[in-house]
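Asker:
4 protein chains.
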Amino acid sequence: MIRVAINGYGTIGKRVADAVAAQKDMKVIGVSKTRPSHEAFVAKSRGYPLYIADISKKGSFEKAGLPVAGSVDDMLKGADIVVDATPGGVGVKNRALYEKIGIKAIWQGGEDHEVAGFSFNSDCNYKDTIGRQFARVVSCNTTGLCRIINTMDKAYGVEKVRAVMVRRGGDPADIKRGPIDAIVLNPVHIPSHHGPDVQSVLPHINIVTLAMIVPVTMMHMHVVQMDLKKEPDRNHVLEIMDKHPRIGLVKKETGITSTAELKEYAMDLGRFRSDLWENGIFEESVSCLGKELYLFQAIHQEADVVVENIDCIRAMTGIEKDPAKSVAMTNKALNFIAIT
Amino acid sequence: MIRVAINGYGTIGKRVADAVAAQKDMKVIGVSKTRPSHEAFVAKSRGYPLYIADISKKGSFEKAGLPVAGSVDDMLKGADIVVDATPGGVGVKNRALYEKIGIKAIWQGGEDHEVAGFSFNSDCNYKDTIGRQFARVVSCNTTGLCRIINTMDKAYGVEKVRAVMVRRGGDPADIKRGPIDAIVLNPVHIPSHHGPDVQSVLPHINIVTLAMIVPVTMMHMHVVQMDLKKEPDRNHVLEIMDKHPRIGLVKKETGITSTAELKEYAMDLGRFRSDLWENGIFEESVSCLGKELYLFQAIHQEADVVVENIDCIRAMTGIEKDPAKSVAMTNKALNFIAIT
Amino acid sequence: MIRVAINGYGTIGKRVADAVAAQKDMKVIGVSKTRPSHEAFVAKSRGYPLYIADISKKGSFEKAGLPVAGSVDDMLKGADIVVDATPGGVGVKNRALYEKIGIKAIWQGGEDHEVAGFSFNSDCNYKDTIGRQFARVVSCNTTGLCRIINTMDKAYGVEKVRAVMVRRGGDPADIKRGPIDAIVLNPVHIPSHHGPDVQSVLPHINIVTLAMIVPVTMMHMHVVQMDLKKEPDRNHVLEIMDKHPRIGLVKKETGITSTAELKEYAMDLGRFRSDLWENGIFEESVSCLGKELYLFQAIHQEADVVVENIDCIRAMTGIEKDPAKSVAMTNKALNFIAIT
Amino acid sequence: MIRVAINGYGTIGKRVADAVAAQKDMKVIGVSKTRPSHEAFVAKSRGYPLYIADISKKGSFEKAGLPVAGSVDDMLKGADIVVDATPGGVGVKNRALYEKIGIKAIWQGGEDHEVAGFSFNSDCNYKDTIGRQFARVVSCNTTGLCRIINTMDKAYGVEKVRAVMVRRGGDPADIKRGPIDAIVLNPVHIPSHHGPDVQSVLPHINIVTLAMIVPVTMMHMHVVQMDLKKEPDRNHVLEIMDKHPRIGLVKKETGITSTAELKEYAMDLGRFRSDLWENGIFEESVSCLGKELYLFQAIHQEADVVVENIDCIRAMTGIEKDPAKSVAMTNKALNFIAIT
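Protein chains in written order, with numbering that gives the first Met the number 0: chain A, 0 to 339; chain B, 0 to 339; chain C, 0 to 339; chain D, 0 to 339.
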């Protein structure tokens with residue numbers, strides 16, 4: 000039973016905590032918050048011991064009716080591994096602490112590759128992760144790209160990838176971030192950081208990425224174009240996607256044409272938090288023009304990395320050495336019902 | 000075991016179906032759709048027999064992999080009561096059919112009061128509903144207003160109500176409706192229809208309402224001001240709200256200041272579909288200035304009427320004559336955990 | 000010829016500069032920026048000398064092709080009066096400088112009343128402003144409230160005002176601010192700061208205000224309700240509004256029901272920057288119920304204070320002692336065509 | 000002096016009317032509306048005679064204070080050419096009328112190529128247009144694509160174009176259309192209609208386009224990637240763009256990274272209606288990777304076709320046979336100041 004600490008109980012942390020709790024081979028020994036918030040009340044209702052970064056703030060938590068189990072240091076001492084889900088740029092500052100304590104640690108994609116020296120995707124490099132002390136689960140966008148690129152690379156060989164990411168401005172409950180009525184180039188220059196980030200997992204892939212931000216809260220949308228080494232057959236491509244445990248085909252019969260309807264479908268299916276853990280590839284969009292492949296895929300920014308964190312825990316701790324088995328266990332524990 | 004048919008399996012219908020299925024004293028005998036859609040696949044996955052309005056379209060459903068149990072007429076024959084959740088303006092056209100068959104029917108607030116000649120709210124007129132053939136559950140906004148107005152009326156007497164409704168433009172998955180970047184007066188004239196609609200349930204209440212539409216998908220926000228007959232004590236007001244089974248106090252300690260954060264909280268608590276069935280009254284906003292009461296309340300347009308439909312079924316069929324017991328049963332079956 | 004410096008050439012500053020330049024009795028002697036931006040290029044194209052806060056950054060401006068006329072101190076030395084349109088909270092820090100130099104200064108509503116000890120609205124207290132060294136033009140929302148409240152107070156006497164402000168999240172080009180999909184109570188508590196701010200201009204008015212923020216960029220919308228001392232006649236009320244130089248009646252015949260359509264109309268009429276300098280009161284909404292008055296008014300957050308700044312310059316410098324004459328001059332210079 | 004009638008005085012029609020009125024060699028002899036609206040009042044304020052489609056509605060216009068000059072038939076009789084700017088799908092129904100009267104007619108891109116049998120872009124096929132009775136100015140997106148593709152084709156030869164269009168959901172004053180919080184694939188299948196539409200102007204171009212809709216009102220954003228026949232030099236590419244009369248380079252120094260800031264800049268420069276008639280290519284995005292060219296361009300959906308309509312009038316009527324001279328005249332009349 001792997002004892003997991005979640006440092007940073009926010010958008011990603013709270014999902015990782017629940018996903019850990021749903022697995023048979025691991026458990027949540029604590030989660031951390033910096034200040035009282037609705038999420039702290041959620042942790043309490045779940046029975047997750049609540050630790051705080053700055054123990055001098057214990058009074059303000061207790062005054063709000065939130066019992067404090069101790070400091071983050073205390074939490075780490077009882078854990079086999081920590082999932083650092085603090086905001087981007089904060090995680091790197093925790094590295095020294097994890098080193099000192101000698102705990103295994105997983106960072107998120109908000110940190111640079113260098114924080115861990117190793118970037119993880121269960122589809123691409125699970126076996127290389129076994130036994131490592133530090134790893135970084137790449138960002139939601141990079142995770143979504145790695146899955147589809149690696150899958151096509153294994154089947155046909157990938158010559159070149161061109162991808163456009165149309166990104167959500169903020170998460171649903173993030174009321175501070177915009178834009179309200181603008182398409183923002185982020186960045187203006189080409190390529191965006193996503194291409195190099197894919198290469199931190201798949202170094203041999205030739206990829207150019209472009210990114211912009213739009214005023215939506217539910218999922219990113221990717222346009223993915225690949226020049227393949229061998230001419231693909233569309234039916235075969237769809238078959239490969241259908242069999243992939245982390246790719247879901249959004250069927251034409253559902254009438255779904257947007258991120259919002261796809262999220263509604265995940266919600267109606269009873270997915271916890273309406274989460275879409277897989278790449279949502281629109282079946283009708285999958286097009287083969289000679290050696291070229293085109294497709295649209297929806298990536299749920301809050302969800303797709305959650306299952307990756309679970310697999311990463313198994314790989315780093317070595318409790319499961321077969322990637323396929325870990326992925327299957329993770330999916331099963333979450334009642335990962337296919338979207339179609 | 001009351002046999003319930005759901006005519007119109009959309010935003011409200013799918014929620015009512017699941018709420019019926021969760022109760023011990025009623026069951027879903029069928030749901031209807033007019034054309035294949037993601038919701039038809041959801042019905043299939045739930046095991047709800049799928050009936051269709053136009054039986055000539057049976058082939059298009061079956062081609063999509065959706066078995067058809069029969070026509071809407073067939074569905075109604077096997078039911079004790081039908082919940083009509085078809086789009087506003089369509090429901091009234093079904094009235095003749097329900098009369099012919101002699102089935103009990105519940106309409107939604109998208110229809111006028113005249114469709115049933117009786118408008119229902121479990122807090123206000125449950126007992127008057129017992130044994131009726133036809134009733135209309137008032138709209139989400141009117142339901143939210145009735146709950147708080149009736150509650151304050153019983154405690155202090157209500158002299159006058161002034162309410163401003165800031166309404167969501169469309170539901171989350173409704174990708175056609177706007178506005179995108181505008182505040183729309185809907186209507187420009189004063190009062191809006193909500194005031195008279197409240198009076199269809201509470202005829203003695205003096206009320207002026209104003210309404211506008213803004214580009215959001217998650218919940219309406221009400222500004223409610225009341226001139227009370229007796230000077231209220233704020234602590235007493237909060238106590239009354241806290242005890243009400245369909246009012247939730249959003250506590251300051253949660254840090255929640257918006258509709259989006261409130262919905263996130265409902266999601267994190269594990270509410271099915273992240274639904275907020277109760278009025279979400281912001282505790283900090285509750286203000287007593289002499290005989291005046293002011294407050295903000297969030298109303299989840301997709302959810303608050305769902306529980307009212309369940310109570311309405313019990314009242315009309317007479318299986319439970321005590322409103323408090325019905326409300327408690329409904330809430331319990333949905334694991335209606337308090338938001339604070 | 001009053002020499003006016005504009006400290007802070009942003010959303011408000013650039014509009015005030017152009018409005019000053021359009022008047023016959025004043026001129027722009029300089030504008031200031033803290034860093035190169037599209038607005039600095041606009042200043043250059045207008046021929047406004049560009050001054051910078053931190054003269055050590057001169058190189059970065061010149062490298063971008065933007066000639067620098069000197070420091071802010073240099074600018075102030077050549078001016079009779081400075082309009083401080085720096086971001087809220089920054090202006091107050093400039094007070095010591097203005098005092099030292101002994102220059103007249105106008106702040107905006109982003110600063111507190113205390114920054115100047117006097118809050119200005121041309122409709123309410125122009126004459127009290129004559130000769131002052133310091134004044135603060137109240138915010139867009141407060142300006143809009145003062146205009147209509149003072150007008151009704153003079154005609155009927157105002158017993159009590161209740162106002163709800165539905166505010167835009169950010170200005171059109173402000174791509175950082177949200178919310179994207181939320182109604183945010185700002186603040187949650189009642190009253191908002193707007194009521195006391197109105198009292199900084201009209202101390203005898205009894206007013207309660209509530210405010211929220213929604214994801215729009217074009218104009219705020221106010222719901223204004225007043226208990227009047229005398230029963231108003233609707234036609235008389237409309238006549239008073241029609242005659243007011245800073246109130247525009249949005250006629251039903253135009254079909255305009257929203258902020259967006261109103262801004263489109265201002266644009267189509269050829270208003271510079273599509274600005275709505277007046278309160279846009281929706282004629283159809285103006286309702287008299289006994290002694291109560293209800294109405295909706297649109298307030299263009301970028302524009303209504305611009306004309307107030309011009310009048311404030313005239314009052315403080317004493318070049319025009321009659322408020323009506325100043326208002327008429329300001330309006331005429333801007334080709335302030337009535338919206339209907 | 001070419002006499003121009005504008006059939007359909009809406010988003011495009013009102014802009015074309017003002018652009019015609021600004022030219023020395025043509026004039027507006029009338030505009031048409033189907034019902035009273037704010038735009039009808041604008042026509043009146045401009046002094047454009049107002050004609051109506053259904054003369055039986057004359058009374059409703061006059062009651063609103065809008066004098067009616069006659070029917071659309073009356074308007075056409077006095078014109079040399081009609082610009083049909085009625086909504087997409089309506090224009091084609093007017094064809095028979097134009098044929099009967101024997102008037103020259105220009106349709107917009109909302110109609111199919113077949114409406115006129117000839118699709119126009121001033122950059123690509125002005126000379127082929129001379130003397131034609133019927134032509135169609137292609138849509139805003141196709142116009143923007145044609146300009147940049149044709150320009151690069153002339154300089155380097157274009158092997159293949161891949162373009163992604165991120166489209167605005169509705170125009171600023173269009174309060175009915177969504178989405179509010181969704182990225183909508185429109186269409187889901189690949190390619191979108193834009194590629195074939197480019198080929199209606201440039202038949203030899205090999206192009207694949209993809210399109211989606213997002214909740215913004217201000218401008219579309221294009222990602223354009225081209226495989227060129229010769230390896231381009233970035234500085235040369237920028238030089239070509241800089242010299243093009245309908246391409247504007249958005250310079251890095253302006254700090255502009257979004258559609259909203261770009262529109263603000265057009266507004267600040269005093270452009271009428273803040274219109275961006277040119278392709279707004281982000282200089283920093285222009286990237287040359289071997290024979291590949293990548294760039295982002297903003298396309299103002301309400302504006303870029305307006306100048307094309309003016310050139311099309313000149314070509315069809317033959318009053319100016321040199322495309323460069325027509326383009327220069329059009330631009331000059333509009334005070335088409337470069338955005339940088």
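For each residue, glycine too, the CB sits at the ideal point set by N, CA and C. Since we're looking at a predicted model, the values are computed, not measured.
Determine the direct distance from the alpha carbon of V222/B to that of Y264/A, and round the result to whole angstroms.
Answerer: Those two C-alpha atoms are separated by around 32 Å.
Asker: Residues of chain D with a CB under 7 Å from the CB of R272/C: which are they?
Answerer: Correct list: M266.
Asker: Taking K57/B as the reference, give the member of Y47/B, T33/B, G46/B with the closest Cα.
Answerer: Looking at the Cα atoms, T33/B is the closest of the given residues.
Asker: Chain B partners of K13/A, CB-CB under 8 Å?
Answerer: Near K13/A (Cβ distances below 8 Å), the residues of chain B are D267.
Asker: Measuring CA to CA, which of E282/A, I11/A, V306/A, K62/A is closest to G368/A?
Answerer: The structure shown does not extend to residue 368/A, since chain A is modelled only from 0 through 339, so no value can be given for it.
Asker: Name the two residues that bound the continuous alpha helix (DSSP H) containing V71/C.
Answerer: Note, V71/C: alpha helix (DSSP H), 71-76.
Asker: Output yes if chain D places a C-beta closer than 8 Å to the C-beta of H243/A; else output no.
Answerer: Cβ-Cβ to chain D under 8 Å: no for H243/A.
Asker: Can you tell me whether I212/B is buried or exposed? The criterion is at least 16 other CB atoms within 10 Å of its CB, across all chains shown.
Answerer: Label assigned to I212/B: buried.
Asker: Which one of V137/C, E291/C, V136/C has the shortest CA to CA distance from D232/C?
Answerer: If we check each option's Cα against that of D232/C, E291/C comes out closest.
Asker: List, in chain order, every chain A residue whose beta-carbon is nearer than 7 Å to that of K325/B.
Answerer: As written in the sequence, residue 325/B is Ser, which differs from the Lys given in the question. Correct list: empty, because the minimum Cβ distance to chain A is about 26 Å.
Asker: Along the region 164-189 of chain D, where does the CB come closer than 9 Å to a CB of chain G? Name the residues.
Answerer: Note that chain G does not occur in the displayed structure, where the protein chains are A, B, C and D.
Asker: Give the interface partners of S257/C over in chain B, defined as CB-CB distance under 8 Å, in chain order.
Answerer: Within chain B, the residues near S257/C are P178, A181, I182, V183, L184.
Asker: Between the alpha carbons of L96/A and A162/A, how many angstroms are there, rounded?
Answerer: Approximately 37 Å between the Cα atoms of the pair.
Asker: Taking the CB atoms as reference points, tell me whether P244/A and N330/A lie closer together than 8 Å.
Answerer: Their beta carbons are under 8 Å apart, which means P244/A touches N330/A by this criterion.
Asker: Under 7 Å between beta-carbons, which chain D residues line up against T216/A? List them in chain order, please.
Answerer: By Cβ distance, chain D contributes D180.
Asker: I think A42/D touches V30/D, with their Cβ atoms under 8 Å apart; what is that distance to the nearest whole Å?
Answerer: Right, the Cβ-Cβ distance comes to about 5 Å (below 8 Å), so this counts as a contact.
Asker: Just the Cα atoms here: how many angstroms apart are G64/A and I239/B?
Answerer: About 21 Å.
Asker: Do V215/B and G168/B have their C-beta atoms within less than 8 Å of each other?
Answerer: Closer than 8 Å, so yes.
Asker: Please confirm if F40/D has its CB atom under 8 Å from at least one CB of chain C.
Answerer: Yes, because at least one Cβ of chain C sits closer than 8 Å to the Cβ of F40/D.
Asker: Taking the C-alpha atoms as reference points, what is the distance between L144/A and H37/C?
Answerer: Their Cα atoms are separated by approximately 35 Å.
Asker: Report the CB separation of A68/B from P48/B in whole angstroms; it is logged as a contact under 8 Å.
Answerer: A68/B to P48/B, Cβ: 4 Å. Contact.
Asker: By alpha-carbon positions, which one of V187/C, V197/C, W106/C, S70/C ends up nearest to C123/C?
Answerer: Selected option, being the one with the closest Cα: V197/C.
Asker: Which of the residues in the region 199-225 of chain B, read from start to end, lie with their CB under 9 Å from any CB of chain C?
Answerer: Listed by position, the residues of the region 199-225 of chain B near chain C (Cβ gap below 9 Å) are V207, L209, M211, I212, V213, P214, V215, T216, M217, M218, H219, M220, V222, Q224.
Asker: Three or more C-beta pairs closer than 8 Å, one from the region 169-180 of chain D and one from the region 179-186 of chain B: is that the case here?
Answerer: Output reads yes: the region 179-186 of chain B touches the region 169-180 of chain D.
Asker: Against P342/C, what residues of chain D qualify as contacts under a CB-to-CB distance less than 9 Å, listed in chain order?
Answerer: Examination of residue 342/C is not possible in this model, given that chain C is present from 0 through 339 alone.
Asker: Between S411/A and chain B, is any beta-carbon pair separated by less than 8 Å?
Answerer: Lying outside 0 to 339, the shown extent of chain A, residue 411/A is not represented and no answer is given.
Asker: Looking only at its chain, what residues have a beta carbon closer than 7 Å to the beta carbon of P35/D, apart from the 5 residues adjacent to it on each side?
Answerer: Closer than 7 Å at Cβ, skipping near neighbours: S59, F60, A63, L65.
Asker: According to DSSP, is D226/B helix, strand or coil?
Answerer: In the structure shown, D226/B sits in a strand (DSSP, three-state: E or B).
Asker: Assign S199/C to one of three DSSP states: helix, strand, or coil.
Answerer: Residue state, collapsed to three classes: coil.
Asker: Classify D53/C: buried if its beta carbon has 16 or more other beta carbons within 10 angstroms, exposed otherwise.
Answerer: With fewer than 16 other Cβ atoms within 10 Å, it is exposed.
Asker: Assign N334/D to one of three DSSP states: helix, strand, or coil.
Answerer: Note: N334/D maps to coil in three-state DSSP.
Asker: Taking a contact to mean a Cβ-Cβ separation below 8 Å, would you say K153/B touches D226/B in this structure?
Answerer: For K153/B and D226/B, no; Cβs fall outside 8 Å.
Asker: Between which residues of its own chain and E277/D is the CB-CB distance below 6 Å, once the five residues before and five after are set aside?
Answerer: Counting only Cβ-Cβ distances below 6 Å, and skipping sequence neighbours, we find R245, I246, G247.
Asker: DSSP on L96/C, reduced to helix/strand/coil?
Answerer: If DSSP states are grouped into helix, strand and coil, L96/C belongs with the helices.
Asker: Chain C partners of G64/D, CB-CB under 8 Å?
Answerer: Correct list: E252.
Asker: Please work out which residues of its chain come closer than 7 Å, Cβ to Cβ, to K126/A, disregarding the five sequence neighbours upstream and downstream, and give them in chain order.
Answerer: For K126/A, where only same-chain residues beyond five positions count, the Cβ hits under 7 Å are P322.
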